[in-house]
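Q:
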Amino acid sequence: MAQSGSPPGRKDYRKNMLSMISPARADMFQDGGKTPDNSLQTYRDIMQSQALTRQQAELRQQMAEKFKAGELRTTGFEADAGTPSAMSASGAATPSASVRQWAETPGRISGGDATPAPGQFNERQWAETPVHMSTRGETPGHFDATPSATTPMGRRNRWDEATPGGWGETPRADRTAADLIQETPQAGKRRSRWDETPGETPSNVADATPSVATPASATPSGFTPGGVMTPSGVTPMGVKAMEMATPSAAVAAAAMTPEQMQIFSAQKELDDRNRPLSDEDLDAMLPEGYKVLAPPAGYVPLRTPRRLTATPTPLTTPGGFKMATPDVRTSTGTALADMQPKGTNLPMLKPDDMQYFDKLLTDVDEDSLSADELRERRIMTLLLKIKNGTPPMRKSALRQITEKSREFGAGPLFNQILPLLMSPTLEDQERHLLVKVIDRVLYKLDDLVRPFVHKILVVIEPLLIDEDYYARVEGREIISNLAKAAGLATMITTMRPDLENMDEYVRNTTARAFAVVASALGIPSLLLFLKAVCKSKRSWQARHTGIKIVQQIAILMGCAVLPHLRSLVEIIELGLVDEQQKVRTITALALAALAESATPYGIESFDTVLKPLWKGIRTHRGKGLAAFLKAIGYLIPLMDAEYANYYTREVMLILIREFQSPDEEMKKIVLKVVKQCCSTEGVEPAYIKKDILPSFFKHFWTQKMASDRRNYRQLVDTTVEIANKVGSAEILNRIVDDLKEPSEQYRKMVMDTVEKVLNNLGATEVDSRLEEQLVDGVMFAFSEQTNEDAVMLNGFGTLVNALGKRVKPYLPQICGNILWRLNNKSAKVRQQVADLISRIAGVMKACQEERLMGHLGVVLYEYLGEEYPEVLGSILGALKAIVNVIGMNKMTPPIKDLLPRLTPILKNRHEKVQENCIDLVGRIADRGSEFVSVKEWMRICFELLELLKAHKKSIRRATVNTFGYIAKAIGPHDVLATLLNNLKVQERQNRVCTTVA
Numbered sequence: 001m002a003q004s005g006s007p008p009g010r011k012d013y014r015k016n017m018l019s020m021i022s023p024a025r026a027d028m029f030q031d032g033g034k035t036p037d038n039s040l041q042t043y044r045d046i047m048q049s050q051a052l053t054r055q056q057a058e059l060r061q062q063m064a065e066k067f068k069a070g071e072l073r074t075t076g077f078e079a080d081a082g083t084p085s086a087m088s089a090s091g092a093a094t095p096s097a098s099v100r101q102w103a104e105t106p107g108r109i110s111g112g113d114a115t116p117a118p119g120q121f122n123e124r125q126w127a128e129t130p131v132h133m134s135t136r137g138e139t140p141g142h143f144d145a146t147p148s149a150t151t152p153m154g155r156r157n158r159w160d161e162a163t164p165g166g167w168g169e170t171p172r173a174d175r176t177a178a179d180l181i182q183e184t185p186q187a188g189k190r191r192s193r194w195d196e197t198p199g200e201t202p203s204n205v206a207d208a209t210p211s212v213a214t215p216a217s218a219t220p221s222g223f224t225p226g227g228v229m230t231p232s233g234v235t236p237m238g239v240k241a242m243e244m245a246t247p248s249a250a251v252a253a254a255a256m257t258p259e260q261m262q263i264f265s266a267q268k269e270l271d272d273r274n275r276p277l278s279d280e281d282l283d284a285m286l287p288e289g290y291k292v293l294a295p296p297a298g299y300v301p302l303r304t305p306r307r308l309t310a311t312p313t314p315l316t317t318p319g320g321f322k323m324a325t326p327d328v329r330t331s332t333g334t335a336l337a338d339m340q341p342k343g344t345n346l347p348m349l350k351p352d353d354m355q356y357f358d359k360l361l362t363d364v365d366e367d368s369l370s371a372d373e374l375r376e377r378r379i380m381t382l383l384l385k386i387k388n389g390t391p392p393m394r395k396s397a398l399r400q401i402t403e404k405s406r407e408f409g410a411g412p413l414f415n416q417i418l419p420l421l422m423s424p425t426l427e428d429q430e431r432h433l434l435v436k437v438i439d440r441v442l443y444k445l446d447d448l449v450r451p452f453v454h455k456i457l458v459v460i461e462p463l464l465i466d467e468d469y470y471a472r473v474e475g476r477e478i479i480s481n482l483a484k485a486a487g488l489a490t491m492i493t494t495m496r497p498d499l500e501n502m503d504e505y506v507r508n509t510t511a512r513a514f515a516v517v518a519s520a521l522g523i524p525s526l527l528l529f530l531k532a533v534c535k536s537k538r539s540w541q542a543r544h545t546g547i548k549i550v551q552q553i554a555i556l557m558g559c560a561v562l563p564h565l566r567s568l569v570e571i572i573e574l575g576l577v578d579e580q581q582k583v584r585t586i587t588a589l590a591l592a593a594l595a596e597s598a599t600p601y602g603i604e605s606f607d608t609v610l611k612p613l614w615k616g617i618r619t620h621r622g623k624g625l626a627a628f629l630k631a632i633g634y635l636i637p638l639m640d641a642e643y644a645n646y647y648t649r650e651v652m653l654i655l656i657r658e659f660q661s662p663d664e665e666m667k668k669i670v671l672k673v674v675k676q677c678c679s680t681e682g683v684e685p686a687y688i689k690k691d692i693l694p695s696f697f698k699h700f701w702t703q704k705m706a707s708d709r710r711n712y713r714q715l716v717d718t719t720v721e722i723a724n725k726v727g728s729a730e731i732l733n734r735i736v737d738d739l740k741e742p743s744e745q746y747r748k749m750v751m752d753t754v755e756k757v758l759n760n761l762g763a764t765e766v767d768s769r770l771e772e773q774l775v776d777g778v779m780f781a782f783s784e785q786t787n788e789d790a791v792m793l794n795g796f797g798t799l800v801n802a803l804g805k806r807v808k809p810y811l812p813q814i815c816g817n818i819l820w821r822l823n824n825k826s827a828k829v830r831q832q833v834a835d836l837i838s839r840i841a842g843v844m845k846a847c848q849e850e851r852l853m854g855h856l857g858v859v860l861y862e863y864l865g866e867e868y869p870e871v872l873g874s875i876l877g878a879l880k881a882i883v884n885v886i887g888m889n890k891m892t893p894p895i896k897d898l899l900p901r902l903t904p905i906l907k908n909r910h911e912k913v914q915e916n917c918i919d920l921v922g923r924i925a926d927r928g929s930e931f932v933s934v935k936e937w938m939r940i941c942f943e944l945l946e947l948l949k950a951h952k953k954s955i956r957r958a959t960v961n962t963f964g965y966i967a968k969a970i971g972p973h974d975v976l977a978t979l980l981n982n983l984k985v986q987e988r989q990n991r992v993c994t995t996v997a
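When we follow full-length UniProt numbering, the leftmost residue of the sequence shown carries the number 1, and every step to the right adds one.
1. For K66, I'd like the list of residues in its chain whose CB is within less than 6 Å of its CB, leaving aside the five on either flank, ordered along the chain.
2. Using only CA atoms, which one of P341, V516, M348, R375 lies nearest to D363?
3. My output table needs one value for I927: the three-state DSSP class, helix, strand or coil.
4. Going by CA-CA distance only, name the one from L464, Q745, Q41, D428 that's closest to A511.
5. Using C-beta distances below 8 Å, list every residue in its chain close to L565, excluding the 5 sequence neighbours before and after it, in chain order.
6. Looking at the secondary structure, which residues open and close the alpha helix (DSSP H) in which F942 lies?
7. Once you ignore the five residues that flank V975 on each side, which residues in its own chain have a CB closer than 7 Å to its CB?
8. Within the segment 683-760, note down every full alpha helix (DSSP H) run reaching 4 residues or more, in order along the chain.
9. Per DSSP, Q551 forms a beta bridge with which residues?
10. What does DSSP give as the partner residues of Q260 in its beta bridges?
11. If you reduce the DSSP assignment to three classes, tell me which class Q50 lands in.
12. Quick check on the burial criterion: 16 or more other C-beta atoms within 10 angstroms. Buried or exposed for H973?
13. Between L562 and V516, how many whole angstroms is the CB-CB distance? I'm expecting something under 8 Å.
14. Measure the beta-carbon distance from Y746 to A706 and round it to whole angstroms, keeping in mind my assumption that it falls under 8 Å.
15. Closer than 8 Å by C-beta to R543: which residues in its own chain qualify, once you throw out the five before and the five after it? Chain order, please.
16. In whole angstroms, give me the CA-to-CA distance for V871 and E911.
17. Decide if Q986 is buried, meaning its Cβ has at least 16 other Cβ atoms within 10 Å, or exposed.
18. Are there 16 or more other CB atoms within 10 angstroms of the CB of C559, so buried, or fewer, so exposed?
19. Going by the DSSP bridge assignment, what does R25 pair with across the sheet?
20. So the candidates are T390, K359, D446, Q429; which of them puts its Cα closest to the Cα of Q416?
21. What residue range does the alpha helix (DSSP H) around N889 cover?
22. Quick one: grab the DSSP three-state call for C993.
23. In whole angstroms, what separates the C-alpha of L384 from that of I401?
24. Hey, A397 and G389 are a contact pair by Cβ (cut 8 Å); roughly how many whole angstroms apart?
25. Quick one: residues in its chain with C-beta nearer than 6 Å to the C-beta of A950, no 5 flanking neighbours on either side, listed in chain order?
26. Using the three-state DSSP reduction, which class does D367 fall into: helix, strand or coil?
27. Buried or exposed, going by whether 16 or more other CB atoms sit within 10 Å of the CB of W937?
28. Measure the CB-CB distance between L836 and L860 and report whether it falls below 8 Å.
29. Using three-state DSSP, classify H564 as helix, strand or coil.
30. Among the residues of its own chain, which have a CB less than 6 Å from the CB of S728, if the five just before and after it don't count?
31. Output yes if chain C places a C-beta closer than 8 Å to the C-beta of S728; else output no.
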C-alpha cells in the first residue's frame with residue numbers, strides 16, 4: 001500500500017483543499033432535521049459545485065480537442081451586436097479564444113441600441129445565463145435593472161459589486177473619475193482589439209445613453225473590461241498573476257517538501273544564532289573603557305558565501321496558502337525574540353510553532369478576554385503542552401483536553417488541531433500525539449463532531465497512503481472512530497461528492513476511507529450504497545471509485561469478506577463490460593483482491609465473472625490485459641483440479657505470448673500468474689516441461705531481469721515453484737552454467753534459486769555430473785564476488801549440507817579456499833568465511849575430516865586477536881561449531897590453552913562477541929571443565945558478573961546458564977559466594993539475574 005514519493009495529485013489536492021481546510025458543513029441530523037443555517041454548505045450545494053467543476057473540465061477538454069483538430073476559430077469582431085456566435089455540432093456555443101461568454105453582463109442593452117424598437121429584442125438579452133465556473137459561490141439568480149440615468153443612486157444592487165471569481169468587473173454606475181477608462185474609441189480611428197468588448201462594438205457611438213457618473217464629453221463604451229490579463233490598466237489577479245509574482249518567503253515555504261522545510265528552518269536558526277555582533281551588542285556585553293579600533297588600511301574582511309540548501313528553481317505554480325513565519329528578531333534586528341510563552345510552566349516554542357502558538361507569547365489579562373478568546377487560549381496552551389511538553393505535562397494536558405472537550409466544543413478544538421496536523425514540519429512523534437488527541441476527543445464529542453467530519457477527513461485521508469506504516473495505521477484508526485461517532489449517514493453524505501471528484505488522488509483516498517468505514521461499521525451496512533454507486537449512470541468516475549472501494553475492503557479485511565463475497569462480486573461484475581477502460585481494469589483488480597482474500601474458498605461466488613474475464617484476456621492489451629490476467633491468476637488456485645488444468649492450458653497461450661512483453665509491470669504479473677498456475681493441482685509436470693519451460697527460460701532468465709529488484713524476487717519465486725512441480729534436476733540443469741556468468745548480479749540470482757531449490761527438494765535428483773558442475777559453479781561464484789553478500793554464503797552452505805557425504809572429494813579444495821580468504825585484507829571477506837566454517841562444520845565431521853578441522857581450529861585460534869568485533873564474533877562462532885562437533889579431547893588447540901585466551905574477550909562490549917564467547921565458555925564448562933583449573937573458572941565468574949547487565953536477553957540467559965555449568969564443575973560454594981555479594985547492587989535487572997543464577 002505504501003508508495004514511494006508523493007503521488008502526483010497529492011500536491012494539488014493539498015494546495016486546493018487544505019489552503020482553507022474546508023468550509024463548514026450543515027449537519028442534517030441536528031435538532032430533528034430542522035432547516036440548516038444558510039451560511040453553511042449543504043449536500044446539495046456541494047453536489048452542484050461538483051457538477052459545475054465537471055462541466056468546466058469537460059468544456060475545456062472539448063475546446064482542447066477542437067483546437068487540435070483545427071475546428072476552433074476566433075470569430076471576427078462584427079459591427080452588429082446581434083450576430084450569434086458560431087454553434088458547435090452539439091449545439092453548444094463554441095467558446096472563442098477571447099472568452100466571449102464572460103464579456104458582458106447578460107441582459108444589458110448594448111451600447112449601440114440604447115432603446116430597442118418595439119417588437120424588437122436583443123438576442124443576447126434572452127440567451128441562457130452563463131454559469132459561473134468558480135466553485136466559490138453561485139451567480140446571483142435575478143437580474144436587476146441596468147444602471148442608467150433613471151436608476152436612483154440610493155439603492156445599490158448586487159450587480160454593482162465586482163463579480164467574484166476573477167473574471168473582471170461589471171461596469172458600475174457609481175464610478176469615480178479615477179476609475180474611468182479615459183479614452184473612448186473614436187469612429188474614425190483604427191481600433192485596437194483591447195479597446196472594446198470582443199464581438200460587441202457599439203454600432204453608433206453617438207447613440208449610447210450616458211449614465212449618471214459619465215462626464216458629458218465621454219461616451220460609455222458599454223463593455224466589461226476583458227479577462228484577467230487585459231493590458232488596460234487592470235492589475236492581473238488570481239492564479240495567472242502568480243506567474244509574474246516575485247516569489248515571497250511564504251509562497252516559497254509553501255512549495256517546499258517537509259524535508260526541505262526542516263533544513264531551511266535549521267539553517268535559519270543557525271544564521272540567527274551566528275550572526276555578527278553589532279556595536280550595540282558589544283556595548284551591552286563589555287564594561288566601559290573599551291574603544292573601537294579602526295581596521296588597518298587595505299583590510300578586506302573574509303565573507304563566506306551562503307551555502308544553498310537546495311537548487312533555486314523559478315516559481316511557476318503557486319503552493320498552497322501558507323502564513324508567513326514571523327521574523328524571529330526584535331525591532332532593532334539584534335536579539336532573538338523570546339520563545340518562552342507567558343504563563344506558568346509552559347514549554348518553549350520551536351520556530352515552526354510561531355504561526356500556531358504566537359498568541360501565547362503575549363502576556364494578557366485573562367479577565368479582560370471574551371469567552372471565545374479565553375477558550376481559544378486554553379486549548380492552545382493544552383495543545384502546546386501535548387506537542388512540546390515533558391511526559392508528565394503531556395499526560396496531564398491530554399487528560400484535561402479529553403475531559404473538557406464537550407465544554408470547549410468541536411469547532412474551537414478542530415480549528416486548532418487540524419492546521420497543526422497539516423504543518424509540513426510536523427515530526428512523526430508529534431503527529432502521533434495529535435492523532436491521539438483527535439482519537440480521544442472524538443470519543444467524547446460523539447455526534448457533536450458531525451459538522452466537522454469533512455474537515456477531519458481532508459486532513460486525515462492523506463495519511464491512508466503515507467509511506468510510513470504507522471501513519472497509515474493511525475489514519476485508519478481515526479477514520480474508524482469518526483465513523484462510529486458520526487454514523488453511517490453522515491459519513492456517506494460527506495464523502496459521496498468526492499467519489500466523482502475530477503482529481504484521481506482524491507478519489508483514491510476517498511475509496512480507502514470508505515473501506516475503513518466498512519471495516520468499522522460492517523460490510524452489510526455499505527452494500528446497498530456500493531450497489532448504487534457501482535451502477536451509477538451519471539459518471540464513470542463514481543463507478544470507478546465504487547469498485548475501488550470493494551477492492552480496498554478486500555485488501556483491508558482479508559478473509560472477513562467471505563460471508564459477503566457473492567454480494568460484493570455481484571455489485572462489481574458489470575464493471576468488466578463497462579465502456580470505460582479504467583473501470584474494466586479496476587474491476588479486474590478488485591476481483592483479484594477478493595479472490596486473494598477468499599483463498600482457498602469461494603470459487604462458486606465467482607461463477608458469473610469467469611466468462612467476461614475469459615473474453616477480456618482475448619480482447620485487451622497492455623494494462624487492461626495485465627489486470628485481467630491477475631484476476632485469473634488468483635481464481636485458478638480456487639478451482640477443482642479438472643477445471644484448473646483446463647483453464648491453465650487456455651490462459652497459458654496468452655501468457656506465453658506476453659513473455660516477450662517489454663513492460664516491467666506486465667512481466668511481474670505474468671510471472672505471478674505462471675507461479676499460481678504451476679502450483680495448482682491438476683497441472684501435469686509433462687505439460688510444464690514441454691510447453692512452458694523453453695520459452696520461460698528464453699525470455700525471463702536474462703541479465704536485465706537480475707538488475708530489477710522486484711522482478712528478480714518474483715522470477716526466483718516462480719522458478720522455485722516450477723521446480724517443486726517438475727523436480728530439481730530439470731531446473732538446476734538449465735541454470736547451473738549461469739553460475740559462471742560475468743554479471744555478478746545475475747550470478748547472485750542463480751545462486752539464490754539454487755539455494756531455495758536445494759532447501760525445498762534436497763539433492764536426491766542431482767547426478768554426479770550435475771554435482772560436479774554445481775560445486776565448481778558455486779566455488780567460482782563465491783570466489784569472484786566483489787561485495788560479500790548473504791546470498792552467496794547461504795547458497796554455499798546449503799549446497800554442502802544438501803550433498804552431505806558426497807561433498808568429501810571437494811573438501812580439501814573448499815578448505816584451501818577458506819584458508820586463503822581468511823588472510824584477506826577485507827574484514828567482510830574474513831567474516832564471511834568464518835561464518836561459512838560454522839555452516840559446514842557438521843558435514844566435515846560426517847566426512848570424517850577431523851584433521852582438516854583441527855587445522856582450521858588452529859588457524860582460527862591464531863585469529864582471536866582480530867580487531868573488528870563483527871569478524872571476531874564470527875571467528876568465535878566458527879570455533880564454537882568446531883568444538884561442538886570434534887569434541888573436547890580431540891580439539892586443537894587444547895582446551896587448557898583456548899580458555900585463558902577467551903577470558904579477556906569477555907570484556908568486549910560488542911553484543912555478537914559477547915554472545916558467541918559466553919556460548920563457547922559455557923560449552924567448555926559443560927563438557928570439558930576438567931581441562932581447566934578452578935582458579936581460572938573463578939576468574940571467569942567475576943568477568944561474567946558484568947555480563948548480567950547486558951541489554952540483550954539472550955546474553956543474560958547464556959550468562960546465567962554458564963554460572964550453572966561452572967557451579968556443576970567446581971562445586972556451588974565459591975560461585976554462590978560471588979553471586980550473593982552481587983545482590984547488593986542497585987540495578988533491579990542485575991539482582992533478578994543474580995537470583996535466577
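Ideal placement from N, C-alpha and C gives every residue a C-beta, glycine not left out.
A: In terms of the structure at hand:
1. The beta carbon of K66 is closer than 6 Å to those of L72 in its chain, skipping five residues each way along the sequence.
2. D363 has its Cα closest to that of P341, out of P341, V516, M348, R375.
3. Residue identity differs from the one stated: residue 927 is Arg in this sequence, not Ile. Residue state for R927 is assigned as helix, using DSSP reduced to three classes.
4. The shortest C-alpha separation from A511 is found at L464.
5. So the qualifying residues of the chain are L594, A598, G602, S605.
6. Taken as a continuous stretch (DSSP letters only), the alpha helix (DSSP H) holding F942 covers 934-947.
7. Around V975, the same chain offers C941, F963, I966, A967 as residues with beta carbons nearer than 7 Å, after the five sequence neighbours per side are excluded.
8. DSSP runs (the alpha helix (DSSP H)) wholly in the segment 683-760: 693-700, 703-707, 709-726, 728-735.
9. When beta bridges are read from the DSSP output, Q551 appears opposite no residue.
10. Answer is none; Q260 lacks a bridge partner.
11. Q50: helix per DSSP, three-state reduction.
12. Its Cβ having fewer than 16 others within 10 Å, H973 is exposed.
13. L562 to V516, Cβ: 19 Å. No contact.
14. Between A706 and Y746 the Cβ distance is about 4 Å, and since that is below 8 Å, they are a contact.
15. Same-chain partners within the cutoff: V533, C534, K535, S536, G575, D578, Q580, V583.
16. A straight line joining the alpha-carbon of V871 with that of E911 spans about 12 Å.
17. So Q986 counts as exposed.
18. Its Cβ having fewer than 16 others within 10 Å, C559 is exposed.
19. Beta-bridge pairing links R25 to Q41.
20. Closest in alpha carbon position to Q416, among T390, K359, D446, Q429, is K359.
21. First-last for N889: undefined, no H or E at that position.
22. Reduced to three states, the DSSP call for C993 is helix.
23. Roughly 12 Å separates the two Cα atoms.
24. So it is a contact: roughly 7 Å between Cβ atoms.
25. For A950, the CB contacts under 6 Å within the same chain, skipping 5 residues up- and downstream, are R956 in chain order.
26. In the three-state reduction of the DSSP assignment, D367 falls in the helix class.
27. W937 comes out buried.
28. Not a contact, by the Cβ cut-off of 8 Å.
29. Assigned with DSSP and collapsed to three states, H564 falls in helix.
30. Close CB contacts of S728 within its chain, under the 6 Å cut and outside five residues either way in sequence, are with V757, L761, E765 (chain order).
31. Going by chain labels, chain C is absent from the structure shown, which holds only one protein chain.
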